[in-house]
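Visitor: Top to bottom, those sequences are chains Y and D.
Counted the way my numbering counts, the first sequence spans residues 402 to 604.
Counted the way my numbering counts, the second sequence spans residues 402 to 604.
Ideal Cβ positions, reconstructed from N, Cα and C, are used throughout, including at glycine.
2 protein chains.
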Amino acid sequence: MKTQPIRRERARLPAAERRRQIIEVTTGLIAERGFWGLSMQDVADGCGLTVPGLLHHVGSKDNLLIAVLEHRDETDAATLAAELEVRVDQLWAEGAGITLRQVCAALVRRNAGQPEIVRLFAVLEAESLAPGHPAHRYFRERQRNTREMLASLAPGDDAARFELAGQVIAMMDGLQIQWLRDPASTDLVAAWERAATRLFDAL
Amino acid sequence: MKTQPIRRERARLPAAERRRQIIEVTTGLIAERGFWGLSMQDVADGCGLTVPGLLHHVGSKDNLLIAVLEHRDETDAATLAAELEVRVDQLWAEGAGITLRQVCAALVRRNAGQPEIVRLFAVLEAESLAPGHPAHRYFRERQRNTREMLASLAPGDDAARFELAGQVIAMMDGLQIQWLRDPASTDLVAAWERAATRLFDAL
DNA sequence: CTTGCTACTGAGTACCTACTAGGTATTAAC
DNA sequence: GTTAATACCTAGTAGGTACTCAGTAGCAAG
Numbered sequence: 402m403k404t405q406p407i408r409r410e411r412a413r414l415p416a417a418e419r420r421r422q423i424i425e426v427t428t429g430l431i432a433e434r435g436f437w438g439l440s441m442q443d444v445a446d447g448c449g450l451t452v453p454g455l456l457h458h459v460g461s462k463d464n465l466l467i468a469v470l471e472h473r474d475e476t477d478a479a480t481l482a483a484e485l486e487v488r489v490d491q492l493w494a495e496g497a498g499i500t501l502r503q504v505c506a507a508l509v510r511r512n513a514g515q516p517e518i519v520r521l522f523a524v525l526e527a528e529s530l531a532p533g534h535p536a537h538r539y540f541r542e543r544q545r546n547t548r549e550m551l552a553s554l555a556p557g558d559d560a561a562r563f564e565l566a567g568q569v570i571a572m573m574d575g576l577q578i579q580w581l582r583d584p585a586s587t588d589l590v591a592a593w594e595r596a597a598t599r600l601f602d603a604l
Numbered sequence: 402m403k404t405q406p407i408r409r410e411r412a413r414l415p416a417a418e419r420r421r422q423i424i425e426v427t428t429g430l431i432a433e434r435g436f437w438g439l440s441m442q443d444v445a446d447g448c449g450l451t452v453p454g455l456l457h458h459v460g461s462k463d464n465l466l467i468a469v470l471e472h473r474d475e476t477d478a479a480t481l482a483a484e485l486e487v488r489v490d491q492l493w494a495e496g497a498g499i500t501l502r503q504v505c506a507a508l509v510r511r512n513a514g515q516p517e518i519v520r521l522f523a524v525l526e527a528e529s530l531a532p533g534h535p536a537h538r539y540f541r542e543r544q545r546n547t548r549e550m551l552a553s554l555a556p557g558d559d560a561a562r563f564e565l566a567g568q569v570i571a572m573m574d575g576l577q578i579q580w581l582r583d584p585a586s587t588d589l590v591a592a593w594e595r596a597a598t599r600l601f602d603a604l
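Structure (structure tokens):
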């Protein structure tokens, strides 16, 4: 008697769409457990396919992480530009009339609406401090880039700009963690606005 | 022929001493890989004993994490008090003549000397954002406590104090991450001093 | 020297890990 | 309708996971 394979409802998706789903599911799981706590099995389950099916699309666990991060980079600049009502290529152009404070406010406003992704980055940012982490290099460069871009919008000489940019990033990261830990009693946008007043209006 | 057990150099330690060693080794490993990436095997290897031997002392992986955190709490207040040259019970006493700025400077100075432990907390702080994490509650309370203690040293009304304390914590956490990511080109103490100037000397 | 305590081990359980090889079933192009 | 591409599967590998059980080896007090 042949084993009758239970004709499981099989949803065969086109590669691009499946990939989108995989990245979405992975994003949530990494935010929950970090990369070291992530299992391909959980991702596969979340997508309704088997582990080899998942690997067919992403190749390896490390590749999956990189895919997630690259996907974020693609959407990031776009949503930020939309928030500022500016064309993407005008975002970091000096003299476009956008102040550092405006960009920060836009960043925070956007982040306040997607706690899951903020948590993803918070967890990976800490995990990837270790040199052996697959996202170590990515986060090093990301940090450098955003700091330089923010610095380009700040006033003063180069040293002062770089310093302020670093402090702004530190404050945003820190406030976001506090917000994620206790979202109910924290208003991220308001907390940032108060902090910005102190940062930007200092002597 | 009986199997001759290779008389491995067995170091039978008294429980307290072994526990100290276990906590020390675990601290380093969590800083490297996070709690989800920690394996009891690695801890056991690092201590020169078997996994059941390790479990004899700590009971379970979750217990081990809690032991590490509790140990830090015990030493934390002590070293901070020493740094400030004050008795432990005088640390958070109002009117003891210690300013918020002094405490922060002492905290940062101490942290600058133990990057490994700062990384341990950075990783766990992010990982434990997830409600299911074994240290979730611990970090919630820790955050609340330190914020209240710092607030008690700040000037102004209660709302202003609480706000400033939050910003101070955010800034310290953020700067520490930047420092850990690139220790060579960052001087944590100096970076904090500049940030403190902006935070405390604002209008 | 014996007794009792305990630090520790060896063997084993049940299960999860990422990943591979080789094949099947579905879709799209012609 | 046939062919080619490919989304996905079953089965398996080699190793890691926390943890348990039952016992052994070493120390200290009597």
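Any chance you could list the beta strand (DSSP E) runs of at least 3 consecutive residues sitting entirely within the stretch 447-479 of chain Y, in chain order?
Guide: Qualifying beta strand (DSSP E) stretches: none in this window.
Visitor: For Ala555(Y), does the three-state DSSP call read helix, strand or coil?
Guide: Coil at Ala555(Y), not helix or strand.
Visitor: Rounded to a whole number of angstroms, what is the C-alpha to C-alpha distance between Gly567(Y) and Arg473(Y)?
Guide: Those two C-alpha atoms are separated by around 22 Å.
Visitor: Helix, strand or coil: how does DSSP classify Ala412(Y) here?
Guide: Looking at Ala412(Y) - three-state DSSP - the assignment turns out to be coil, as it is neither helix nor strand.
Visitor: Select from the stretch 507-526 of chain D all residues with a C-beta closer than 7 Å to any C-beta belonging to chain Y, and list them in chain order.
Guide: Listed in sequence order: Arg520, Ala523, Val524 and Glu526.
Visitor: When you compare each of Met550(D), Leu551(D), His537(D) and Glu418(D) to Asp463(D) by their alpha carbons, which one comes out closest?
Guide: Nearest option by C-alpha distance: His537(D).
Visitor: For a test of your reading of the model: does the CB of Trp580(Y) fall under 6 Å from any non-hydrogen atom of the ligand MG? Yes or no.
Guide: Ligands in the displayed structure: none, and consequently the ligand MG is not present.
Visitor: If I'm right that Ala432(Y) touches Glu549(Y) with Cβ under 8 Å, what's the distance once you round it to whole angstroms?
Guide: Their Cβ separation, rounded to whole angstroms, is 27 Å, which puts Ala432(Y) and Glu549(Y) out of contact at 8 Å.
Visitor: Please tell me whether Tyr539(Y) and Leu439(Y) are closer than 7 Å, where the distance is taken between their beta carbons.
Guide: Taking 7 Å as the Cβ cut-off, Tyr539(Y) and Leu439(Y) do not qualify as a contacting pair.
Visitor: Flag Leu492(D) as yes if its beta-carbon sits less than 7 Å from any beta-carbon of chain Y, otherwise no.
Guide: Answer no: the Cβ-Cβ gap between Leu492(D) and chain Y never drops below 7 Å.
Visitor: With distances taken from CA atoms, which of Gln422(Y), Leu466(Y) and Phe563(Y) is nearest Asp446(Y)?
Guide: Considering only alpha carbons, the answer is Gln422(Y).
Visitor: Expressed to the nearest angstrom, what Euclidean distance is found between the alpha-carbon atoms of Val444(D) and Glu528(D)?
Guide: So the two alpha carbons sit approximately 20 Å from each other.
Visitor: Below 8 Å CB to CB, which residues in the same chain sit around Gln405(D) once its five sequence neighbours on both sides are set aside?
Guide: No answer about Gln405(D) holds up, because its pLDDT of 37 lies below 50 and its placement is not dependable.
Visitor: Please report the straight-line C-alpha distance between Leu530(D) and Arg520(Y), rounded to a whole angstrom.
Guide: Computed Cα separation, rounded: 8 Å.
Visitor: Under 6 Å Cβ to Cβ from Arg409(D), same chain only, skipping five residues before and after it: list those, please.
Guide: Low per-residue confidence applies at Arg409(D): pLDDT is 45, beneath 50, and the placement is therefore not dependable enough to give any value.
Visitor: Determine, using beta carbons only, whether Arg595(Y) comes closer than 7 Å to chain D.
Guide: Closer than 7 Å: yes.
Visitor: For Arg511(Y), which residues in the same chain have their Cβ closer than 7 Å to its Cβ, ignoring the five residues on either side in sequence?
Guide: The residues are Thr480, Leu481 and Glu484.
Visitor: Quick one: Cα of Phe563(D) to Cα of Arg420(Y), how far?
Guide: The alpha-carbon atoms of Phe563(D) and Arg420(Y) are separated by roughly 45 Å.
Visitor: Counting only beta-carbon separations shorter than 7 Å, does Glu433(D) have a partner in chain Y?
Guide: Yes, because at least one Cβ of chain Y sits closer than 7 Å to the Cβ of Glu433(D).
Visitor: If you run the structure through DSSP and keep just helix, strand and coil, what is Ala482(Y)?
Guide: Three-state DSSP puts Ala482(Y) in a helix.
Visitor: Is it right to say Val524(D) is buried, meaning 16 or more other beta carbons lie within 10 angstroms of its own, or is it exposed?
Guide: Buried, since its Cβ has 16 or more Cβ neighbours within 10 Å.
Visitor: Could you tell me whether the Cβ atoms of Ile424(Y) and Ala494(Y) are closer together than 7 Å?
Guide: No, the Cβ-Cβ distance between Ile424(Y) and Ala494(Y) is not below 7 Å.
Visitor: If the criterion is Cβ atoms closer than 7 Å, does the pair Leu576(Y) and Ala592(D) meet it?
Guide: Not closer than 7 Å, so no.
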